[in-house]
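The opening position of the sequence shown corresponds to residue 255 in my numbering, with each subsequent residue numbered one higher. Glycine included, every Cβ here is placed at the ideal spot set by N, Cα and C. Working notes, structure below.
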Amino acid sequence: MPENTHERKAAPSVPGDGRKQASRAPNPLLEMMAASAGARDVDEFAEEFAGKKNKEHADAFARVAFNERILLLPQCMRSSAECKAVERAFSYECTGCGACDIPEIIAEARRLGYLGVHVLKGGRAVVRLIEELEAGAVAGVACSYEGLIGIMECERRGVPVQFVPLSRDGCADTEVDLDEIKSLLGRLLPEAS
Ligand code: SF4
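Structure below.
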């Protein structure tokens with residue numbers, strides 16, 4: 255896999271703190287949850303609620319062995335200008351062109367022995383992959399909004415989940431803190447090893 259020496263292209267301008275989503279399909283359940291909680295901003299609600307859920311699931315996730323976990327990455331992390339990934343039914347297969355950070359994250363998950371790593375084409379692929387691969391735990395990268403939806407899907411199936419919010423959000427050329435995701439991937443409580 256080529257060394258990751260890419261230079262970032264400018265991401266679409268996004269107002270706010272950089273973790274807010276520029277646009278996305280509304281999720282009725284999440285919108286309703288935010289409204290019933292009296293939240294004026296659904297993204298802020300999602301960020302706060304997803305953070306709480308992350309804490310709730312942290313120990314259960316860390317008790318699952320690496321080879322029973324899957325890692326799910328959003329397709330928006332790809333380089334919109336240079337990506338050479340191959341399109342599959344529910345995901346993109348990274349060819350390691352080095353134009354984004356995905357290969358570095360994939361390499362770490364593979365080094366640890368993760369069951370699978372997938373660059374998702376859309377949120378519906380989460381359910382499909384969890385069920386197909388019979389994952390024991392899920393690690394994911396997403397905006398808080400999509401991350402919370404993913405967390406709820408995992409919870410419905412009794413699968414511990416952890417996610418790292420994007421450090422630069424938007425529709426394309428997004429980024430995640432590499433130290434944060436690598437730290438999450440390697441989190442393991444002694445009884446799991
Ligand atoms: S996902 Fe893979 S193929 Fe696409 S831009 Fe990133 S490194 Fe290149």
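Counting along the chain, where does the alpha helix (DSSP H) carrying PRO419 start and finish?
Per DSSP, PRO419 is not a residue of any alpha helix (DSSP H); the beta strand (DSSP E) it occupies stretches across 415-419.
To the nearest angstrom, report how far apart GLU434 and VAL418 are at their CA atoms.
Rounded to the nearest angstrom, the gap between the Cα atoms of GLU434 and VAL418 is 7 Å.
Ends of the alpha helix (DSSP H) at VAL381?
DSSP places VAL381 in the uninterrupted alpha helix (DSSP H) bounded by 378-387.
Is PRO280 helix, strand or coil by DSSP?
Secondary structure of PRO280 (DSSP, three-state): coil.
Run the proximity test for LYS375: is its beta-carbon closer than 6 Å to any non-hydrogen atom belonging to the ligand SF4?
No, the beta carbon of LYS375 sits no closer than 6 Å to any heavy atom of the ligand SF4.
Alpha carbons only, please: which of VAL415, ILE384, GLU409 and ALA316 is nearest the one belonging to VAL395?
Comparing Cα positions, the closest option is VAL415.
Measure the C-alpha to C-alpha separation of LEU442 and ASN321 and round it to an integer number of angstroms.
Near 12 Å, if we compare the C-alpha coordinates of ASN321 and LEU442.
Cα-Cα separation between ALA353 and ILE359, rounded to whole angstroms:
Spanning the alpha carbons of ALA353 and ILE359 requires a straight line of approximately 13 Å.
At which residues does the beta strand (DSSP E) containing PRO328 begin and terminate?
Residues 323-328.
Do THR428 and the ligand SF4 come close, with the Cβ less than 6 Å from some heavy atom?
No - the ligand SF4 has no heavy atom lying nearer than 6 Å to the Cβ of THR428.
Own chain partners of TYR346 with C-beta closer than 6 Å, once the 5 adjacent residues on each side are dropped:
Same-chain partners within the cutoff: GLN329, ALA339 and VAL373.
Please check the pair GLU429 and LEU439, which I expect to be a contact at CB under 8 Å, by giving their CB distance rounded to whole angstroms.
That pair is no contact at about 17 Å.
For GLU388 and LEU284, what's the separation of their Cα atoms in angstroms?
Approximately 26 Å, taken between the alpha carbons.
Cβ-based neighbour list, SER398, same chain, cut-off 6 Å, excluding 5 preceding and 5 following:
The residues ALA300, GLU301, ALA304 and PRO419, in chain order, have a CB closer than 6 Å to that of SER398 in the same chain once the five nearest residues on each side in sequence are set aside.
Please state if the CB of VAL371 and the CB of ALA363 are separated by a distance shorter than 7 Å.
Cβ distance < 7 Å, so ALA363 and VAL371 count as in contact.
Check whether the Cβ atoms of GLU400 and GLY424 lie closer than 7 Å to each other.
At a Cβ-Cβ threshold of 7 Å, GLU400 and GLY424 do not count as neighbours.
C-beta contact flag for SER212 and ALA426 at 7 Å
This structure does not reach residue 212, given that the chain is present from 255 up to 447, and the question cannot be answered.
Just how far apart, CA to CA, sit ALA293 and PHE344?
Going by the C-alpha atoms only, they are around 33 Å apart.
Spatial distance of GLY390 from GLU336 (CA atoms):
Straight through space, the alpha carbons of GLU336 and GLY390 are spaced by roughly 34 Å.
Using the beta-carbon count (16 or more within 10 Å), is ALA279 buried or exposed?
Classification of ALA279: exposed, given that the 10 Å Cβ count is below 16.
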